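First up is the structure itself, then whatever we jot down about it.
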Amino acid sequence: MTFEDLVAGSVHDAAPALIGWTLLRDGVGGRIVEVEAYAADDPASHSYRGRTPRTEVMFGPPGRLYVYRSYGLHWCANIVCEPDGRGAAVLLRALEPTHGLEAMRARRGLADERLLCAGPGRLTQALGLTGADNGADVSLEPFLLGPPPAPVAVERSPRIGITRATEKLWRYVELGSSWPSRARRAA
DNA sequence: CAGTGGATGCTCT
DNA sequence: GAGCATCCACTGT
Numbered sequence: 009m010t011f012e013d014l015v016a017g018s019v020h021d022a023a024p025a026l027i028g029w030t031l032l033r034d035g036v037g038g039r040i041v042e043v044e045a046y047a048a049d050d051p052a053s054h055s056y057r058g059r060t061p062r063t064e065v066m067f068g069p070p071g072r073l074y075v076y077r078s079y080g081l082h083w084c085a086n087i088v089c090e091p092d093g094r095g096a097a098v099l100l101r102a103l104e105p106t107h108g109l110e111a112m113r114a115r116r117g118l119a120d121e122r123l124l125c126a127g128p129g130r131l132t133q134a135l136g137l138t139g140a141d142n143g144a145d146v147s148l149e150p151f152l153l154g155p156p157p158a159p160v161a162v163e164r165s166p167r168i169g170i171t172r173a174t175e176k177l178w179r180y181v182e183l184g185s186s187w188p189s190r191a192r193r194a195a
């Protein structure tokens, strides 16, 4: 399945299917290991209250980046899914760093390598994603997306940091990955 | 390791 | 004026 076909389908299929894909920006990035689905008619989604200047990209063609500012400080990046007008997207929550480790370390400052891309705000900082990338087509330069060489096992869990629709198990993490945003292991 | 609170800006009520 | 799809530093065990 091509990336274009994948993001044109239901966000509930696309989100788990994106786990294991490699996402690079200017050759820097890694394997997607954690995402969350935000659907049409989803009270937790920015698109829920309809089209606004901020969420305009969410209602556009699939395969574009929806980048927004979170808590006034951080950028969070989504890949728009489903046909035009739906308002569905997949939030990129964590990567396993594989390419351009030095560039990511430089952008992130003196950080634990484990935390380079472990979290939506950290991920965008490591790849240099900002509001300037809002609306960009991730199938074109400077982005590069590659499928996983083999099927990836995925587990689902509740989404993080939201107050509505918290019962939905729309967070997807690669099974056994040590790179997700909540990798903290209790002793 | 768990829990707390501050930073900071934009959207929508 | 409230409420965030967050992160980090700092506290106390």
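Just so we're aligned: the first sequence equals residues 9 to 195 in this note's numbering. No residue lacks a Cβ here, since even glycine has one placed at the ideal position from N, Cα and C. Computed from a predicted structure; not experimentally measured.
Taking the DSSP output, what are the residues bridged to H82? In the DSSP output, where bridge partners are listed per residue, H82 has S78.
Count the other C-beta atoms from every protein chain shown that fall within 10 angstroms of the C-beta of R57, then say buried if there are 16 or more, exposed otherwise. It counts as exposed.
I need the DSSP call for V43, collapsed to helix, strand or coil. Judged by DSSP in its simplified three-state form, V43 adopts strand.
So which of P188, D13 and E42 has the shortest CA-CA distance to L123? Out of P188, D13 and E42, P188 has the C-alpha closest to the C-alpha of L123.
Option nearest E163 by Cα separation, candidates E12, I27, D13 and T10: Of the listed residues, the one whose Cα sits closest to E163 is I27.
Would you say S53 touches the ligand NAP, meaning its beta carbon is less than 7 Å from a heavy atom? As presented, the structure is devoid of all ligands, the ligand NAP included, so that no description of it is given.
Looking only at its own chain, which residues have a Cβ that is under 8 Å from the Cβ of T138, when we skip the five neighbours before and after it? Apart from sequence neighbours up to five positions away, the residues of its chain that approach T138 with a beta-carbon distance below 8 Å are V75, W83 and T132, ordered along the chain.
Distance, F151 Cα to D13 Cα: Going by the C-alpha atoms only, they are around 17 Å apart.
Which residue wins for smallest C-alpha separation from A140, given the options R77, S55, P70 and A47? If we check each option's Cα against that of A140, R77 comes out closest.
When the distance is taken between beta carbons, is V146 closer than 8 Å to L153? Using a Cβ distance threshold of 8 Å, L153 and V146 count as a contacting pair.
Could you please give me the residues that DSSP links to F151 through a beta bridge? Beta-bridge pairing links F151 to R33.
Out of Y180, R190, A48 and A23, point me to the one whose CA is closest to V98's CA. Of Y180, R190, A48 and A23, the smallest CA-CA separation from V98 is found for A23.
Rounded straight-line distance, which links the Cα of G71 to that of T60: Cα-Cα distance, rounded: 19 Å.
DSSP beta-bridge partners of I170: Note: I170 sits in no beta bridge, so no partner.
Looking only at its chain, what residues have a beta carbon closer than 8 Å to the beta carbon of G68, apart from the 5 residues adjacent to it on each side? Residues of the same chain with a CB within less than 8 Å of the CB of G68, apart from the 5 flanking positions on each side, are V88, D92 and G143 in chain order.
On the criterion of 16 or more Cβ atoms from any shown chain inside 10 Å, does T174 qualify as buried, or is it exposed? So T174 ends up on the exposed side.
Should D50 be labelled buried (16 or more other beta-carbon atoms within 10 Å of its own) or exposed? Counting every other CB atom within 10 Å of its CB across the protein chains shown gives D50 a total of 16 or more, marking it as buried.
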